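Undergrad:
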Amino acid sequence: MHIRVVNPNTTAAMTALIGASARAVAGPGVRVEAVTSAMGPASIESHYDEALSVPGLLAAIADGETRGIDGYVIACFGDPGLDAARELARGPVVGIAEAAMHTAALLGRGFSVVTTLDRTGGRAWDLAARYTAPGACRGVHACEIPVLELEADPHLADRVAALAGLALERDGSDVIVLGCAGMAGLCAAVSDRLGVPVVDGVSAATLMVQSLVALGLRTSQRCEFAAPPPKRYTGAMATFQLESANRPVSRGSSAM
Ligand code: 2AL
27 MHIRVVNPNT TAAMTALIGA SARAVAGPGV RVEAVTSAMG PASIESHYDE ALSVPGLLAA
87 IADGETRGID GYVIACFGDP GLDAARELAR GPVVGIAEAA MHTAALLGRG FSVVTTLDRT
147 GGRAWDLAAR YTAPGACRGV HACEIPVLEL EADPHLADRV AALAGLALER DGSDVIVLGC
207 AGMAGLCAAV SDRLGVPVVD GVSAATLMVQ SLVALGLRTS QRCEFAAPPP KRYTGAMATF
267 QLESANRPVS RGSSAM
């Protein structure tokens, strides 16, 4: 089985962290390939960043389709381009917010999200409304550490754990969701400090894709997620034009 984990931002150091978290949980015989988007923002911290991360993400999916990838993880907590990726990929595609929130809902009565910048909170709330029952997400809390400063912060686990502890108290929640791919790897440290389940979307999404592929399940092609109807794409988007309804072909730059 070959799973591609796409980091939709263009920072390779973050992809390395994401790949390590995904590989740490993948089963035997599962090849996890972590790729960095070839175009777009260095980090995704705004709606503008998110919108402009989607072409690179889709190029990485289209490229994966030419290489026989079995399933994909979108490793950014905004789940950028998730629906479009489902239209392109033959196999399952899971976003890390989607995986983390669904997983958290299995583990307790209510979860709190601990994320990077406060301005990303609106998107997290929108995704919680999409993925989980009303009231399941009890709060979204920002540590105000920019995405690209997470890895260098020597006190990251302490800072995230302190904020998560406040979130549990304030929200009356019983599970923590880590709200950024750059926080992958903090689960054990934060969980040990707080004594509650801490969910990282990268590892959760990787195992969900693995499970779906193992079960022989893929995105339904019947209606909404069928391959997009071919049409002319112009200007900077010309390379995203699809060749046929059921055979998307990327002529854009591939991600690696
Ligand atoms: C993210 C993430 O997971 N990757 C990125 O660039 N931005 N999410 C976030 N909440 O900051």
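Residues are numbered in my numbering as their position in the sequence shown, beginning at 1, plus a constant of 26.
Ideal placement from N, C-alpha and C gives every residue a C-beta, glycine not left out.
None of these values were measured; they are calculated from a predicted model.
Could you give the first and the last residue of the continuous beta strand (DSSP E) run that contains L204?
TA: V201 to L204 is the span of the beta strand (DSSP E), which, as asked, contains L204.
Undergrad: If I measure Cβ to Cβ from F251 and keep anything under 8 Å in the same chain, skipping five residues before and after, which residues do I get?
TA: The answer, listed in chain order, is D109, R112, E113 and T245.
Undergrad: Flag this pair as yes or no: are the beta carbons of V51 and I29 separated by less than 8 Å?
TA: Not in contact: V51 and I29 (Cβ atoms no closer than 8 Å).
Undergrad: Only counting the same chain, and skipping five residues up and downstream in sequence, which positions put a Cβ closer than 8 Å to that of M287?
TA: Here the chain covers residues 27 to 282 and nothing more, so residue 287 does not appear.
Undergrad: Anyone know if the C-beta pair for S138 and L220 falls short of 8 Å?
TA: Not closer than 8 Å, so no.
Undergrad: Using 8 Å as the Cβ pair cut-off and three pairs as the minimum, do the region 222 to 235 and the region 201 to 208 touch?
TA: Touching, yes.
Undergrad: Mind checking whether A60 and A77 have CB atoms under 8 Å apart?
TA: No.
Undergrad: The alpha helix (DSSP H) with E250 in it runs from where to where?
TA: Counting along the chain, E250 falls outside any alpha helix (DSSP H), and DSSP gives it neither H nor E.
Undergrad: Let me check you understand the geometry: is the CB of S69 closer than 7 Å to at least one non-hydrogen atom of ligand 1?
TA: Answer for S69: yes, Cβ within range of ligand 1.
Undergrad: Can you give me the Cβ contacts of S63 inside the same chain, cut-off strictly under 8 Å, excluding the 5 residues immediately before and after it?
TA: Hits under 8 Å: V32, N33, P34, N35, T36, S79, G82, L83, A85, A86 and A281.
Undergrad: Would you say A101 lies against chain D (beta-carbon separation less than 8 Å)?
TA: The chain inventory of the structure shown lacks chain D, comprising one protein chain alone.
Undergrad: For S62, list the residues DSSP reports as bridge partners.
TA: Here the sequence assigns Thr to residue 62, which means Ser is not the residue at that position. N33, per the DSSP bridge assignment.
Undergrad: Note the first and the last residue of the continuous alpha helix (DSSP H) segment covering R156.
TA: Segment G147 to Y157, the alpha helix (DSSP H) holding R156.
Undergrad: Given a cut-off of 8 Å on the beta-carbon distance, is the pair A178 and F103 in contact?
TA: No, the pair does not count as a contact, with Cβ atoms beyond the cut-off.
Undergrad: Have a look at A240, P160, F266 and V140 and flag the residue whose alpha-carbon is nearest the alpha-carbon of L189.
TA: The shortest C-alpha separation from L189 is found at V140.
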